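Here the structure comes first, spelled out in structure tokens, and everything after it is commentary.
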Amino acid sequence: MEPLTHGITPQKYLCDVRKSSVWVDVMFVVDSSAAMTKAGFAEVIQFIAASMRDLSVGQMPTQTRVGFITYSDEAKLVYDLTYWRSTNDLISKLSLPYSGSSGTNMAAALQMANGVFNSKSHRLNVPKVIVVVAAAFKKNSESPVPAANTFKDFGGILITVEYLQEGGIPVPILTKIASEGYSTGNQHDNLNYDTLATMLGRANCFCPDNYVPYLNSRPEYGCYRAARMPAERSGAERSCGLEHNGKLVKIENYEKAEFLMNMKPALKSEALIGLKRYGHQFQWQDGSKLTPYDFTMWYNNFAPKSGDECVSMFFDNWIGKYFWRSHSCTKGLPYVCEIAPCSSTNYCSEPLMLRLQAHRMYMAPIKQEAEKQP
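So that you can map any letter, position 338 of the sequence shown is 338 in the UniProt record's numbering, and since no number is skipped, the others follow by simple counting.
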């Protein structure tokens, strides 16, 4: 049986990219082997410099910090994350050594980058990103997959850029090690000076510790925390508001309702939501009013006009679906807090002790729009 719902409420997209405000730590890992060629290597350096122009590079908390590793037979740390002080310095003074040897020791370079991120050079509250730019990978080289997976498993975003010479052989290992949606190359129509900056901006979208991304992998539609103790409505509001300007959760669709009620710790059969009646008008805690055209989940499609003012979501065992119902605001219930993700427009200063999150960041065209549907 289908849930008794109607109406449409757009779910707000929360990760628009403001390139000038991106705050990530990024290590560029650049192939300097003979396959890249000296001319190709120079092209790559200038591509990186152009890609950084719209970002604010420096050592301040809300700036992007950039480091560089080159590799061929061996890996070499050329610039640590603490080196560059401004975007202009990076663009005008970036110089990397070209090796021209035959080796493609990408694994050693990724291991070195992991070491940088595990050192004091890395800011603990900041997303960590590796950008690999490569022209080749020899079959007898050590596999970079273990080092790449280690980096990604602990919250890192790995971007790969394939640089093919005329008649060059594709490098499929780059797609294999990249985070989902973060692989591009000079054979791709979507590669331009803006591509890397946009990817870095999207990597800047994440949920802080103790918050779960929407559907476990989509922070661009909010971050959620299920309280481990029940509370009255007023207490739940105060609890959510203690950090990140949190609010009691807003329900825009049935998929979200199911996701929230199955979060860990499990909310079991009933939970407070952010909807409350003021007179005859229902309003979410974020201030938006419930209109006749909005998505609703009222039991029997009946919205109460009087009586109890607060609203919970519950599971009907007989029907096997979730619904809304009104209840006393002094009734203690479990609840879920909702916050906006950390992003280029929302700086978060709290250290990330452990970021074992899945990150869904597809490389779709980014538009500066107020709302976007999943």
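Even glycine gets a Cβ: it sits at the ideal position worked out from N, Cα and C.
Owing to the predicted nature of the structure, the values given are computational and were not obtained by experimental measurement.
Original post:
Cα separation between residue 103 and residue 73?
Top reply: 4 Å
**OP:** On a CA-only basis, which of 330, 183, 188 is nearest residue 232? Give me that one, please.
**Re:** 330
Original post:
Contact check, residue 122 vs residue 81 under 8 Å by CB: the rounded distance?
Top reply: 7 Å
Subject >> Rounded distance between the beta-carbons of residue 9 and residue 295, thought under 8 Å >> reply: 4 Å
Original post:
Do residue 87 and residue 78 come within 7 Å of each other at the CB atom, strictly closer than that value?
Top reply: no
Subject >> Separation of residue 91 from residue 366, as counted between CA atoms >> reply: Any reading at residue 366 must be qualified, since the residue scores a pLDDT of 36, below 50, and its modelled position is unreliable; the value itself is stated next. About 25 Å.
Subject >> Neighbour-count burial assignment, residue 312, 16 or more Cβ in a 10 Å radius >> reply: buried
Subject >> residue 111 burial status per 10 Å Cβ neighbour count (16 or more: buried) >> reply: buried
Original post:
Since residue 45 is in the alpha helix (DSSP H), which residue starts that stretch and which ends it?
Top reply: 38-51
Original post:
Residues bridged to residue 336 by DSSP?
Top reply: 226
**OP:** Over the uninterrupted alpha helix (DSSP H) stretch that includes residue 240, give me the two end residues.
**Re:** 233-241
Original post:
From which residue to which residue does the alpha helix (DSSP H) around residue 111 run?
Top reply: 106-117
Original post:
How would you call residue 255, buried or exposed, if buried means at least 16 neighbouring beta carbons within 10 angstroms?
Top reply: exposed
Original post:
What residue from 108, 315, 208 has the CA that sits closest to residue 142's CA?
Top reply: 108
**OP:** Assess, as a yes-or-no matter, whether the stretch 211-229 is touched by the stretch 331-347 under the definition of 3 or more beta carbon pairs within less than 8 Å.
**Re:** yes
Original post:
With distances taken between CB atoms, is the gap from residue 201 to residue 26 smaller than 7 Å?
Top reply: no
**OP:** Please look up how many angstroms separate the CB atoms of residue 309 and residue 276, rounded, as I've assumed it's under 8 Å.
**Re:** 6 Å
**OP:** Pull up the DSSP beta-bridge partners for residue 31, would you.
**Re:** 71
Subject >> Identified DSSP bridge partners for residue 278 >> reply: 281
Original post:
Going straight from the alpha carbon of residue 118 to that of residue 300, what length do you get?
Top reply: 55 Å
**OP:** Mind checking which residues open and close the alpha helix (DSSP H) that includes residue 172?
**Re:** 172-177
Original post:
Along the chain, where does the beta strand (DSSP E) that runs through residue 379 open and close?
Top reply: Beyond the ends of the chain as shown, which are 1 and 374, falls residue 379; an answer cannot be given.
Subject >> Cut-off 7 Å between Cβ atoms - residues of its own chain near residue 250, not counting five sequence neighbours on either side >> reply: 274, 284, 286, 338
Subject >> As assigned by DSSP and simplified to three states, the class of residue 64 >> reply: strand
Original post:
Relative to the C-alpha of residue 49, which residue among 196, 171, 159 is closest?
Top reply: 196
Original post:
Over what stretch of residues does the beta strand (DSSP E) that includes residue 213 continue unbroken?
Top reply: 212-214
Original post:
Thinking just about the alpha-carbon of each residue, which of 262, 185, 156 is nearest to the one in residue 212?
Top reply: 262
Original post:
Where does the unbroken alpha helix (DSSP H) through residue 430 begin, and where does it stop?
Top reply: With the chain represented from 1 up to 374, any question about residue 430 goes unanswered, as that position is not in the structure.
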